[in-house]
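Numbering (the working numbering), first residue to last: 24 to 428.
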């Protein structure tokens with residue numbers, strides 16, 4: 024009788040086994056939430072500045088601060104996941120993200136707002152790392168690459184949907200509504216993870232993990248493509264750091280106008296991501312990524328020339344930027360794949376180091392753009408062109424590594 028009751032209790036509390044589709048969907052939603060935290064409030068930057076009696080350039084620091092929060096603990100989150108398990112650490116990061124978002128909605132000083140943005144990014148870092156770890160635990164080989172591509176698509180959708188939803192919420196209920204949405208979404212997602220995702224396998228415990236990170240970053244064939252992907256990501260962050268103020272002051276765009284611009288970015292990134300799935304096998308990674316980087320360079324050059332010739336037309340800025348986004352959608356997954364293939368250490372450390380490099384570069388670039396106070400279209404165009412040229416140079420170095428291997 025006791026045994027029967029015990030078995031019955033176990034069946035009642037047993038969580039349903041998650042299939043591959045559920046795991047991919049949950050991981051995608053996690054990445055979507057983490058990126059949404061970065062993007063959703065951007066149309067309301069001028070409104071937030073007005074609320075805190077601060078300049079837009081000061082409020083724009085909240086984006087790179089969020090990225091610093093994502094970059095700084097990335098390796099630590101990987102270490103914690105290895106010690107306590109992916110599911111537990113992911114749920115903790117989701118709860119912390121929800122708490123920070125709720126506190127952001129109630130913040131009443133600029134200092135508190137920026138402080139909480141750092142810890143919101145800290146939580147988003149754990150969400151991002153653990154979502155990728157969840158995928159890596161379930162899939163291997165070509166299936167892993169395919170599953171990771173869905174995470175990229177989740178990121179793409181957040182670019183457009185995030186700003187559009189943000190614009191709608193800000194117009195309807197003010198900028199605080201965007202953070203309340205993030206808080207409730209993360210809390211709901213935590214419950215879904217608790218119920219649908221099984222406990223992770225016994226984590227590996229290694230005392231040499233930190234030394235492995237150092238070995239990886241010193242390896243040139245890994246570091247070069249990792250930097251290519253990170254600088255391309257940083258270029259997008261640079262634009263999104265300065266663009267809200269530029270488009271709403273120089274070009275007199277409304278919050279809704281800028282929110283709608285997110286759809287164009289999403290279409291561009293989605294098109295680039297789908298082109299990778301369609302043609303990378305036939306053209307090869309090296310050749311296809313070179314094409315993507317050339318598109319980035321061409322788009323940056325076209326933007327610079329266009330804003331010189333016609334500085335008062337917004338089309339001259341946002342249309343070339345869409346080509347940059349398209350090229351980066353090619354560059355990011357291919358460069359990440361190249362870095363993974365050329366790592367001296369196999370395992371989760373490579374992905375954690377890639378994420379750390381990407382977020383660190385994006386945070387540094389975003390912070391620099393905020394501090395130089397790039398308020399003119401030409402300033403932003405020059406920054407984009409400079410970053411594109413550096414990416415092109417790194418690609419040349421990467422080609423030499425590929426030929427030598």
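Just so you know, even glycine gets a beta-carbon here, dropped at the ideal spot from N, CA and C.
Helix, strand or coil at residue i according to DSSP, with G and I counted as helix
| i | result |
| --- | --- |
| residue 131 | coil |
| residue 42 | coil |
| residue 365 | coil |
| residue 152 | helix |
| residue 350 | helix |
| residue 424 | helix |
| residue 242 | coil |
| residue 268 | helix |
| residue 398 | coil |
| residue 275 | coil |
| residue 413 | helix |
| residue 66 | helix |
| residue 336 | coil |
| residue 83 | coil |
| residue 178 | helix |
| residue 307 | coil |
| residue 418 | helix |
| residue 75 | coil |
| residue 324 | helix |
| residue 430 | The structure shown does not extend to residue 430, since the chain is modelled only from 24 to 428, so the question has no answer here. |
| residue 104 | helix |
Inter-residue spacing [alpha-carbon to alpha-carbon] between residue i and residue j
| i | j | result |
| --- | --- | --- |
| residue 355 | residue 106 | 29 Å |
| residue 102 | residue 180 | 29 Å |
| residue 220 | residue 62 | 27 Å |
| residue 98 | residue 141 | 16 Å |
| residue 131 | residue 91 | 22 Å |
| residue 392 | residue 243 | 28 Å |
| residue 12 | residue 144 | Residue coverage of the chain in this structure runs from 24 to 428, which leaves residue 12 outside it and unanswerable. |
| residue 80 | residue 395 | 9 Å |
| residue 389 | residue 84 | 8 Å |
| residue 112 | residue 104 | 6 Å |
| residue 125 | residue 317 | 42 Å |
| residue 274 | residue 337 | 6 Å |
| residue 123 | residue 206 | 8 Å |
| residue 297 | residue 177 | 13 Å |
| residue 110 | residue 426 | 41 Å |
| residue 54 | residue 208 | 12 Å |
| residue 326 | residue 129 | 39 Å |
| residue 315 | residue 189 | 30 Å |
| residue 135 | residue 301 | 46 Å |
| residue 333 | residue 195 | 34 Å |
| residue 422 | residue 67 | 42 Å |
| residue 397 | residue 313 | 29 Å |
| residue 51 | residue 173 | 7 Å |
| residue 60 | residue 385 | 15 Å |
| residue 341 | residue 357 | 25 Å |
| residue 424 | residue 412 | 19 Å |
| residue 212 | residue 46 | 13 Å |
Nearest-angstrom Cβ-Cβ length linking residue i and residue j, presumed shorter than 8 Å
| i | j | result |
| --- | --- | --- |
| residue 401 | residue 331 | 7 Å |
| residue 216 | residue 117 | 7 Å |
| residue 254 | residue 408 | With 8 Å as the limit, residue 254 and residue 408 do not qualify as a contact, their Cβ atoms being about 13 Å apart. |
| residue 329 | residue 339 | 4 Å |
| residue 127 | residue 88 | Incorrect: roughly 12 Å between the Cβ atoms, too far for contact. |
| residue 121 | residue 210 | 4 Å |
| residue 148 | residue 96 | 5 Å |
| residue 289 | residue 184 | 7 Å |
Residue from the options whose Cα sits closest to the Cα of residue i
| i | options | result |
| --- | --- | --- |
| residue 58 | 203, 47, 405 and 93 | 93 |
| residue 175 | 292, 315, 187 and 74 | 292 |
| residue 252 | 324, 327, 414 and 48 | 414 |
| residue 64 | 323, 201 and 138 | 201 |
| residue 323 | 237, 303, 359 and 406 | 406 |
| residue 247 | 418, 69 and 345 | 418 |
| residue 238 | 368, 342, 259 and 82 | 368 |
| residue 170 | 115, 154 and 214 | 154 |
| residue 257 | 95, 351, 45 and 422 | 351 |
| residue 186 | 199, 151 and 279 | 279 |
| residue 304 | 353, 346, 71 and 214 | 353 |
| residue 359 | 349, 347 and 381 | 381 |
| residue 250 | 52, 42 and 420 | 420 |
| residue 214 | 50, 344 and 114 | 114 |
| residue 347 | 52, 260 and 70 | 260 |
| residue 198 | 71, 119 and 270 | 71 |
| residue 270 | 46, 69, 45 and 48 | 69 |
Closer than 8 Å: residue i CB and nearest the ligand COA heavy atom
| i | result |
| --- | --- |
| residue 273 | For the ligand COA, the structure offers nothing, since it holds no ligand at all. |
Neighbour flag for residue i against chain E, beta carbons, 9 Å
| i | result |
| --- | --- |
| residue 295 | Note that chain E does not occur in the displayed structure, where there is just one protein chain. |
Check whether the region 261 to 279 and the region 362 to 378 touch, using three or more Cβ-Cβ pairs below 8 Å as the test. no
Three or more beta-carbon pairs under 8 Å between the region 278 to 290 and the region 309 to 328, yes or no? no
On the three-pair Cβ rule with 8 Å, is the region 60 to 77 touching the region 359 to 373? no
With three or more beta-carbon pairs closer than 8 Å as the criterion, would you say the region 149 to 162 touches the region 237 to 253? no
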